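First up is the structure itself, then whatever we jot down about it.
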Amino acid sequence: GEPLANYEAVWHAVERMHGAMGISARHITISTVGIVPGIRRLAGAGLPVNLAVSLHAANDTLRDEIVPVNRRYPLEALAEACHGYVRDSGRRLSLEWALIEAVNDRPSDARELAHFARPLRAHVNLIPLNPTPGYRGPGTPPSGVVDFARQLRRL
27 GEPLANYEAV
37 WHAVERMHGA
47 MGISARHITI
57 STVGIVPGIR
67 RLAGAGLPVN
77 LAVSLHAAND
87 TLRDEIVPVN
97 RRYPLEALAE
107 ACHGYVRDSG
117 RRLSLEWALI
127 EAVNDRPSDA
137 RELAHFARPL
147 RAHVNLIPLN
157 PTPGYRGPGT
167 PPSGVVDFAR
177 QLRRL
């Protein structure tokens, strides 16, 4: 499930891993689809955990389709929360981008991703979409992933 939809339980697990198990908070990553209140709360939590946001699209129209929570927390609010996280935590943000052939792997998508990621100085993790039950679209083939990464680096 979505970790930041159950913030209290996730934070309890982080505290146990960090305290009782001795795992450095810097080695713990919390991944989210973009639950803005949870990101804001995490920014001020006091332990320097890492944050990974499953972005997958950097325009609201497409992101509404492939990440439905975007309708509740659109990109402008997400970017603002991510800026606050980076500022308050001092940690680098990761953006996850599952590449879906002919959906979010076009040159325009690379430009939009660069525009979103650059001000955040975010690390971008490109992931070819794995076969997903209930979704018939294919992941971007390896050559397309390489092309997309090349485009992104040039922007």
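Count along the sequence shown starting at 1, add 26, and that's the number in the numbering used here.
Quick reminder that beta carbons are idealized off the backbone N, C-alpha and C, glycines included.
As the structure is a prediction and not an experimental result, all values here were calculated from the model.
Cutoff 8 Å; reference residue i; Cβ partners in own chain excluding five residues on either side
i   : result
P74 : A51, R52, S115, G116, R117
Sheet register partners of residue i (DSSP bridge)
i    : result
Y161 : T158
E122 : S80, N151
L115 : Before going on, a small fix: residue 115 reads as Ser here, not Leu. In DSSP, S115 forms no bridge with anything.
Nearest-angstrom beta carbon gap, residue j and residue i [assumed within contact, 8 Å]
i    : j    : result
E28  : I61  : 6 Å
Q177 : A143 : That pair is no contact at about 13 Å.
Cβ pair residue i, residue j closer than 8 Å
i    : j    : result
A84  : E138 : yes
C108 : L68  : no
V171 : L125 : yes
L119 : V59  : no
A128 : L181 : no
W123 : L88  : no
Sequence-distant residues of the same chain with beta carbon closer than 6 Å to residue i, five excluded per side
i    : result
G64  : L30, Y33
L101 : D86
- Query: For the stretch 93-106 against the stretch 155-171, are there 3 or more C-beta pairs whose distance is under 8 Å?
  - Reply: Fewer than three pairs of CB atoms, one per stretch, sit closer than 8 Å, so the stretch 93-106 makes no contact with the stretch 155-171.
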